[in-house]
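Quick note on full-length UniProt numbering: the sequence shown kicks off at 1 and runs consecutively.
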Amino acid sequence: MDEGAAQSVDGVIAERSEDWKKALDRVVPCCVVLKVTQTRAFDTEGAGSAYATGFIVDKERGLILTNRHVVTPDPIHDFAFLRFDPSKLQFMEVGEVPLAPEAATVGLDIRVVGNDSGEKVSILAGVLARLDRDAPAYGRKGYNDFNTFYLQAASGTKGGSSGSPVIDIQGRAVGLNAGGKNKAASAYYLPLERIVRALKLIQASKDPSGDPAVWPAPVIPRGDLQTTFVFKGFDEVRRLGLGEDTERRVRKSKIMLKPEAHGLQSTGMLVVESVVPGSPGDGVLEAGDVLVEINGQVVTHFLLLEELLDNAAQDLMAGESGKVHLLLERGGKPQTSLYLSYRSALQIHAEVVITNLHTVTPNCFLELAGGAVHALSYQQARNNRAVVGQVYVAEPGYMLGRANVPKCAIITALNGRPTPDLATFATVLRTLPHGNGLVVYTGERVGLVLVDRNTVAVGPCDVNLSFGAHPAEISGRVRFLHPLHNFALVSYDPAALPPEARAKVRAAELLPNPPLKRSDPVRLVGLTKHLRVMQRTSTVTNATAALTIPSAEVPRFRAVHEEVIKLDQDFGATFSGCLTDNRGRVRGLWCSYSEQVEKEEREWCAGLHTAVFQPWVSVLANLLSQDVAAPPPTVSVLDAELEAVLLSKAAQFGLPAEWVSRLDQLDPERRQVLRVRSCVAQSHASKVLRSGDMLLAMEGRPVTCFLDVERLIAETAAAAGASGRGLSASTGSTAPGAVQENGGGAAAEGCFPDDAADGRPAKRARTESSPEASLAAAYAPIVPRQGRPSMHLTIYRSGCVQDVEVVLGQEDGMGTGRLVHWCGAQLQAPHRGVRELGFLPEGAAGVYISRWHHGSPAHRYGLYALHWIQQVNGVDTPDLDSFLAAVADCDDGQFVRLKVCHLETTQPKVLTLKTDLQYWPTWELRLDPHTCTWQRVQHSPFPFKPARLTSI
């Protein structure tokens, strides 16, 4: 190449680069970043929040073009329009991107301008390779475009670029970015012809000089045969049954998409791929039919097909018939001409009423128990080959999920009654009533069922009881959740059982004493999922195995201070039940436990001694048998988590030999000392005790196991209640030990010695009160006074033995009693599982976020779980009441400034959140402690009525 030619090429390249720069300078200010929040699962899209791109196509009216899969307006194609008020823009001027569908040609240099992968501005280059690619398929259950061609290029667009303009060197949009392949650079763009039509109709419905807040609903006729067509070349359609004469006539016709456009010769025809059942085309069109004409005009392109069907929809909306005349050819027997093979064609003439697509697009949904159902859309009817308008499950939620109804299911009947549409489903739903343990108590008024807390984890839950003694199922009510141990008590109404079942159902006999010990034979008895009794014989290998369950990634209940029973056989993680002796007396509950191991759940089973739960069964049964309803008992606890350390290891840490010898003599089986592992945040124990302290004695009485600790706490709480020192309705956390004679064997079974005169521990002697007596005394109706009972502890710390006094903590027997829902965040006082981690923020620490919902303002603005809300618009929120007062005056759509603190980082930060009272009103669940029932309290208007609608 000579020097002059090289300079000429360089000049052309520089000129084109300058032209691209000018085009991009005009287009980039017209692009917008969209952060879209879908508040509920609807049709093909789930609830959630995501980034996308849009661009301004009418700056005077404030119209933005983006994808349908971002905001879901067009019934079929992947485009949508959003509106903004141009008068509210400040400090900037915007332009608009002209739409030029006719400029799209193979080989055209393009740029994709948008928000690629969450970045602010991303510009990707490419060359249009195809104008007639099939619409991309994204999956069977999601959104898929059809009955259109797509443009294709290798621009490598990614997530966040949906809705980006595909521009030429003149700054005109020639396509709308829609999707791409993850494992390739291919990207797919929607052609703009039908978008231009919709835009013109919207513009015609709104005068830009009028009130920007008033928008009449635009009328955009959209017609369809509820039939999917695909484009096939002539070789293929010939084999499907196209006649020779018909092919000759079609080849001579031109594709006249616009009056001013030059006709193009077709290279193939449209073939029926599928027909939606129950549609106007059902029974008329079949898969494989070749479309020849509509209303006497040859149709070989999707654009002409849609233009004719949309015109028929416009006639239908005007009160006319809305019918179209179809000419199709259907294949028959093979025939051979001189050069080509044909099948004898059957010509079909049909007159079909088109479907107005707006009538088969759902515009409302029914929300029930956290789920959402609505009419089956054309999109999902096509995916499922089902009739449009049936009841479609966009999100099952709690109620449908419990019935094992999956997402994307179609409900055809409810309670034996057909539900062909949403209105019928809602009518039938109004007529429905709302609403593996061990029976441990039966009475005239109430029955009690014992279950582990891996099965019944929280108070606000739905409990159904199925009985092994008789085929009956009734509802239950959570009555007690032990804050430390893995058991809960559920009540039921015996009157709800059939008479035959009441006669068969009996309470199990509980035998806490003597506690199980190594080598004792037991029977593991339980029910299978088919309610059949199954039992296994086994032997106890360890009756005093101390558990240490680590905290989960998201704080929750975990058993602490728990000694469990291990057996010589592994019965799996799903077989729970009870441990009995040969006479059927219950010696322990075979519980299911759960822990996180490397962020994965691991479940296993172990036995819980009867002495742990038997006193609580007695106390609760006594309370519920009275005429006046009483709240569940509270539990007095030491607000510190203890762990067992072998005496040999404790001696290495410096524990005096005298104490090593004493504790070894008192408990020759365990040979351990208890050490403080952590303290509950902001408790009195956290101010007195330190991690690593060794607990030697309580109230002057040596302790060697969790049984000792809890028994002494129960006695202290009972004494405080009897003397009026503590609160009424306060009970101690029971210890699973029985009253035994003194001696070496009894030392392992939870009895407690009196101190000898010289201060040395004496042999263990019989105690004066049983666990039931301690609890009953503690729950006696004493006039409440300020303060809580305290205990004198003897500890070993930093080389010396010292005495400290610790005030006992009190935990409610039902756990959390209030749940507030605000903007999609679930708020509550921090439960014990959170406080056990040892951190609460200074000042306001009573509004803790335990979970959030997809598609909510909390999701969109980052108000996630494990945060505390400390301030609302500068106002402190130390508790739920102050928080509700602070947000009471926040209107719908108002931005709220929040000061929050995260559990993991412990650092405060400030964020803003825009309220949405229409989809996320403020309400709460509140526990009635006397009946243990939950009531919903509405704090914001429901249903919410917005002042005016501003969307188009």
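Glycine is no exception: its CB is placed at the ideal position from the N, C-alpha and C atoms.
Exercise for review: Taking residue 208 as the reference, give the member of 284, 540, 302 and 86 with the closest Cα.
Suggested key: Position 208 of the sequence shown, counting from 1, holds the residue named residue 208. When each option's Cα is compared against that of residue 208, the closest is 86.
Review point. Across which residues does DSSP place residue 605 in a beta bridge pair?
Key: Mapped onto the sequence shown, residue 605 falls at position 605. Paired residue(s): 592.
**Study point:** Three-state class that DSSP yields for residue 354 in the structure shown
**Key:** Looking up residue 354 in the sequence shown gives position 354. DSSP, reduced to helix, strand and coil, places residue 354 outside both helices and strands of the structure shown, so it counts as coil.
Point to revise | Inter-residue CB distance, residue 138 and residue 166 (contact presumed, cutoff 8 angstroms) | key: For this step, residue 138 is matched to residue 138 along the sequence shown. For this step, residue 166 is matched to residue 166 along the sequence shown. A Cβ-Cβ distance of about 19 angstroms is found for the pair residue 138 and residue 166, leaving them out of contact under the 8 angstroms criterion.
**Study point:** Residue from 479, 706, 397 and 579 with nearest C-alpha to residue 544
**Key:** Taking the first residue of the sequence shown as 1, we reach residue 544 at position 544. Minimum Cα distance to residue 544 is reached at 706.
Practice item. Pick helix, strand or coil for residue 742, following the three-state DSSP scheme. Key: Position 742 of the sequence shown holds residue 742. Legend: pLDDT at residue 742 = 28, less than 50; position of this residue unreliable, value from coordinates given subsequently. DSSP, reduced to helix, strand and coil, places residue 742 outside both helices and strands of the structure shown, so it counts as coil.
Check your understanding: Would you call the CB atoms of residue 306 and residue 327 closer than 7 angstroms?
Key -> Counting from one through the sequence shown, the residue named residue 306 turns up at place 306. Counting from one through the sequence shown, the residue named residue 327 turns up at place 327. With contacts defined by Cβ atoms closer than 7 angstroms, residue 306 and residue 327 do not form a contacting pair.
Practice item. Determine, using beta-carbon pairs with one atom in the segment 654-661 and one in the segment 803-822, whether at least three such pairs fall under 8 angstroms. Key: In short, these stretches do not touch, since the Cβ pair count stays below three.
Practice item. Specify the secondary structure class of residue 192 as computed by DSSP and reduced to three states. Key: Mapped onto the sequence shown, residue 192 falls at position 192. Annotated three-state conformation of residue 192 is coil, per DSSP.
**Study point:** Cβ-based burial, residue 398 [other Cβ within 10 Å; buried from 16]
**Key:** Stepping through the sequence shown from its first residue, residue 398 is reached at position 398. So residue 398 ends up on the exposed side.
Point to revise | CB of residue 932 within 7 angstroms of CB of residue 477, strictly | key: The residue you call residue 932 lines up with position 932 of the sequence shown. The residue you call residue 477 lines up with position 477 of the sequence shown. Taking 7 angstroms as the Cβ cut-off, residue 932 and residue 477 qualify as a contacting pair.
Exercise for review: Return yes when the Cβ of residue 270 is within less than 7 angstroms of the Cβ of residue 229, no when it is not.
Suggested key: Mapped onto the sequence shown, residue 229 falls at position 229. Mapped onto the sequence shown, residue 270 falls at position 270. Yes, the pair counts as a contact, with Cβ atoms nearer than the cut-off.
Practice item. For residue 500, name the three-state secondary structure that DSSP assigns. Key: In the sequence shown, residue 500 corresponds to position 500, counting from 1. In the three-state scheme derived from DSSP, where H, G and I count as helix and E and B as strand, residue 500 is classed as helix.
Practice item. Give me the Cβ distance between residue 49 and residue 860, rounded to the nearest whole Å; I'm assuming they're in contact under 8 angstroms. Key: To locate residue 49, count along the sequence shown from 1; it is residue 49. To locate residue 860, count along the sequence shown from 1; it is residue 860. About 5 angstroms separates the two Cβ atoms, so the contact holds.
Practice item. Assign residue 277 to one of three DSSP states: helix, strand, or coil. Key: Residue mapping note: residue 277 aligns to position 277 of the sequence shown, counting from 1. Here residue 277 sits in coil by DSSP.
Exercise for review: Starting from the C-beta of residue 20, find all residues in its chain whose C-beta is less than 8 angstroms away, skip the five residues before and the five after it, and write them out in chain order.
Suggested key: The residue labelled residue 20 in the question sits at position 20 within the sequence shown. If we look at residue 20 and ignore the five residues flanking it on each side, its Cβ neighbours are 111 and 169.
Practice item. Within its chain, find whatever has a CB closer than 6 angstroms to the CB of residue 1025; leave out the 5 residues flanking it on each side and keep chain order. Key: Since the first residue of the chain shown is 1 and the last is 952, residue 1025 is not available in this structure.
Exercise for review: To the nearest angstrom, report how far apart residue 661 and residue 667 are at their CA atoms.
Suggested key: By one-based count along the sequence shown, residue 661 stands at place 661. By one-based count along the sequence shown, residue 667 stands at place 667. Those two C-alpha atoms are separated by around 10 angstroms.
Practice item. Under 8 angstroms Cβ to Cβ from residue 465, same chain only, skipping five residues before and after it: list those, please. Key: Translated into positions along the sequence shown, residue 465 becomes position 465. Taken in chain order, the residues that qualify are 437, 449, 473, 474, 475, 476, 490 and 492.
**Study point:** Cross-strand partners of residue 473 (DSSP beta bridge)
**Key:** For this step, residue 473 is matched to residue 473 along the sequence shown. DSSP output for residue 473 lists 466 as bridge partner(s).
Point to revise | Residue from 714, 431, 446 and 483 with nearest C-alpha to residue 452 | key: Your numbering for residue 452 matches position 452 in the sequence shown. For the residues 714, 431, 446 and 483, the minimum Cα distance to residue 452 belongs to 483.
**Study point:** Short Cβ contact (7 angstroms threshold) for residue 99 with residue 196
**Key:** Position 99 of the sequence shown, counted from the start, is the residue given in the question as residue 99. Position 196 of the sequence shown, counted from the start, is the residue given in the question as residue 196. Judged by beta-carbon spacing, residue 196 lies within the 7 angstroms limit of residue 99, meaning their Cβ atoms are closer than that value.
Point to revise | Where residue 89 falls, given that 16 or more other Cβ within 10 Å makes a residue buried | key: Locating residue 89 in the sequence shown gives position 89, where the first residue counts as 1. It counts as exposed.
Practice item. Measuring alpha carbon to alpha carbon, tell me which of 580, 372, 540 and 220 ends up nearest residue 511. Key: Working through the sequence shown from its first residue, we reach residue 511 at position 511. Checked all of 580, 372, 540 and 220; the closest Cα to residue 511 is 580.
Exercise for review: Would you list the residues sitting across from residue 810 in a DSSP beta bridge?
Suggested key: Numbered from its first residue, the sequence shown carries residue 810 at position 810. 636.
Check your understanding: If you drop the 5 nearest sequence neighbours on each side, which residues of the same chain put their C-beta closer than 6 angstroms to that of residue 623?
Key -> One-based indexing of the sequence shown puts residue 623 at position 623. A distance below 6 angstroms between beta-carbons, with the five flanking residues on each side excluded, links residue 623 to the following residues of its chain, in chain order: 630.
Review point. Would DSSP call residue 551 helix, strand or coil?
Key: For this step, residue 551 is matched to residue 551 along the sequence shown. Three-state result, residue 551: coil.
Practice item. Can you grab the Cα-Cα spacing for the pair residue 934 / residue 882, in whole Å? Key: Here residue 934 is taken as the residue at index 934 of the sequence shown, counted from 1. Here residue 882 is taken as the residue at index 882 of the sequence shown, counted from 1. Our two residues, residue 934 and residue 882, have alpha carbons roughly 21 angstroms apart in a direct line.
Practice item. Please determine, among 371, 219, 24 and 364, the residue with the shortest C-alpha to C-alpha distance to residue 172. Key: As a position in the sequence shown, residue 172 is number 172, starting the count at 1. With respect to the C-alpha of residue 172, the residue from 371, 219, 24 and 364 having the closest C-alpha is 24.
**Study point:** Proximity below 7 angstroms, CB of residue 153 to CB of residue 128
**Key:** Counting from 1 along the sequence shown, the entry for residue 153 is found at position 153. Counting from 1 along the sequence shown, the entry for residue 128 is found at position 128. Residue 128 is positioned such that its CB atom lies closer than 7 angstroms to that of residue 153.
Check your understanding: What are the boundary residues of the beta strand (DSSP E) that residue 920 is part of?
Key -> Here residue 920 refers to the residue found at position 920 when the sequence shown is read from its first residue. From DSSP, residue 920 is part of no beta strand (DSSP E); its letter is neither H nor E.
Check your understanding: Quick one: Cα of residue 909 to Cα of residue 820, how far?
Key -> Mapped onto the sequence shown, residue 909 falls at position 909. Mapped onto the sequence shown, residue 820 falls at position 820. As the crow flies, the alpha-carbon of residue 909 is around 22 angstroms from that of residue 820.
Practice item. Could you tell me the boundaries of the beta strand (DSSP E) in which residue 698 lies? Key: As a first step, residue 698 must be located in the sequence shown, where it is residue number 698. Where residue 698 is concerned, the enclosing beta strand (DSSP E) stretches over 694-698.
Review point. Taking the Cβ atom as the reference point for each residue, do residue 96 and residue 57 lie within a distance shorter than 7 angstroms?
Key: The sequence position of residue 96 within the sequence shown is 96, counting from 1. The sequence position of residue 57 within the sequence shown is 57, counting from 1. Against a cut-off of 7 angstroms, the Cβ pair of residue 57 and residue 96 comes out as a contact.
Point to revise | Status (buried if at least 16 other CB within 10 Å, exposed otherwise) for residue 534 | key: The residue given as residue 534 occupies position 534 in the sequence shown. Exposed, since its Cβ has fewer than 16 Cβ neighbours within 10 Å.
Exercise for review: Could you tell me whether the Cβ atoms of residue 94 and residue 191 are closer together than 7 angstroms?
Suggested key: Taking the sequence shown and counting its residues from 1, one reaches residue 94 at position 94. Taking the sequence shown and counting its residues from 1, one reaches residue 191 at position 191. No.
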